[in-house]
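>
In the numbering used here, the protein residues as written are 0 to 216.
#1: Is DSSP giving residue 197 helix, strand or coil here?
#2: Could you say which of 100, 121, 183 lies nearest to residue 38 if we only look at CA atoms?
#3: Assuming residue 197 contacts residue 51 (C-beta within less than 8 angstroms), just tell me the rounded distance between them.
#4: Just the Cα atoms here: how many angstroms apart are residue 153 and residue 147?
#5: Can you tell me whether residue 118 is buried or exposed? The criterion is at least 16 other CB atoms within 10 Å of its CB, across all chains shown.
#6: Among the residues of its own chain, which have a CB less than 7 angstroms from the CB of residue 149, if the five just before and after it don't count?
#7: Please report how far the alpha carbon of residue 91 lies from the alpha carbon of residue 73, in whole angstroms.
#8: Going by DSSP, name the residue or residues bridged to residue 167.
#9: Are residue 181 and residue 129 close, meaning C-beta to C-beta below 7 angstroms?
#10: When the Cα atoms are used, what is the spatial distance from residue 125 to residue 83?
#11: Given residue 87, which residues of its chain have a CB within under 6 angstroms of its CB, disregarding the five upstream and five downstream residues?
#12: In or out: residue 159 buried (at least 16 other Cβ within 10 Å) or exposed?
#13: Over what stretch of residues does the alpha helix (DSSP H) that includes residue 41 continue unbroken?
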């Protein structure tokens with residue numbers, strides 16, 4: 000993973016494929032497909048994790064009363080273009096309402112470049128058509144050295160997909176197979192609670208980043 004992170008850091012943060020305002024948020028990058036069995040496991044892990052995030056949402060609509068975490072959860076729940084359930088749509092609406100009312104994302108809309116974490120709330124509001132900012136927006140900065148493994152893994156996949164077309168160069172003639180190992184790593188380390196909901200380290204940010212990572216694969 001250290002090598003993977005190094006590659007991601009060398010690559011610049013590239014603009015994501017963000018839909019125009021009002022469209023469904025589609026963050027999955029279509030590259031070399033996973034095998035059917037691995038894809039099925041990945042999709043099941045995403046579904047379990049989304050259910051866990053829905054249960055973790057606070058009554059006020061936020062996650063952890065934090066703008067960045069709330070924005071990450073909204074982007075993770077947005078799906079890959081499939082129809083969202085009424086419960087998911089309602090949760091997203093509550094989260095967007097909290098972001099719009101919270102002072103941190105409002106400040107980030109004005110000082111996005113000056114606030115390292117400000118890009119995530121601004122990106123979420125723009126993706127869902129709830130801010131006047133144009134889309135596509137650049138992704139927020141690459142993670143700091145203290146970022147979690149889930150955040151680093153997401154950035155690695157994001158950078159390879161955007162900057163290298165989804166193919167990681169290797170010494171052999173064939174490109175390196177990096178998608179399946181990452182998918183296996185994160186689907187097999189997901190913790191599942193008694194209600195069948197899944198998370199990573201019981202951490203809301205880690206679970207949101209893991210969902211975004213699996214959608215990149």
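Just so it is clear, CB atoms sit at the ideal spot from N, CA and C, and this is done for glycine as well.
The structure says:
#1: Translated into the one-based positions of the chain shown, residue 197 becomes position 198. Reduced to three states, the DSSP call for residue 197 is strand.
#2: Here residue 38 refers to the residue found at position 39 of the chain shown. Among 100, 121, 183, the Cα nearest to that of residue 38 belongs to 183.
#3: Translated into the one-based positions of the chain shown, residue 197 becomes position 198. Translated into the one-based positions of the chain shown, residue 51 becomes position 52. About 6 angstroms; that satisfies the 8 angstroms criterion.
#4: Along the chain shown, one-based indexing puts residue 153 at 154. Along the chain shown, one-based indexing puts residue 147 at 148. Roughly 10 angstroms separates the two Cα atoms.
#5: Numbered from its first residue, the chain shown carries residue 118 at position 119. It is buried - the Cβ of residue 118 has at least 16 other Cβ atoms within 10 Å.
#6: For the purposes of this step, residue 149 is taken as residue 150 along the chain shown, with counting starting at 1. Result list for residue 149: 199, 205, 208, 209, 212, in chain order.
#7: For this step, residue 91 is matched to residue 92 along the chain shown. For this step, residue 73 is matched to residue 74 along the chain shown. Taking the straight line joining both Cα atoms gives about 6 angstroms.
#8: Mapped onto the chain shown, residue 167 falls at position 168. Partner(s): 175.
#9: Stepping through the chain shown from its first residue, residue 181 is reached at position 182. Stepping through the chain shown from its first residue, residue 129 is reached at position 130. No, Cβ-Cβ distance for residue 181 and residue 129 is not below 7 angstroms.
#10: Counting from 1 along the chain shown, the entry for residue 125 is found at position 126. Counting from 1 along the chain shown, the entry for residue 83 is found at position 84. Roughly 19 angstroms between the two C-alpha positions.
#11: Counting from one through the chain shown, the residue named residue 87 turns up at place 88. Contacts found: 76.
#12: The count along the chain shown starts at 1 and reaches residue 159 at position 160. Buried.
#13: On the chain shown, position 42 is the one that residue 41 refers to. Unbroken alpha helix (DSSP H) run through residue 41: 35-55.
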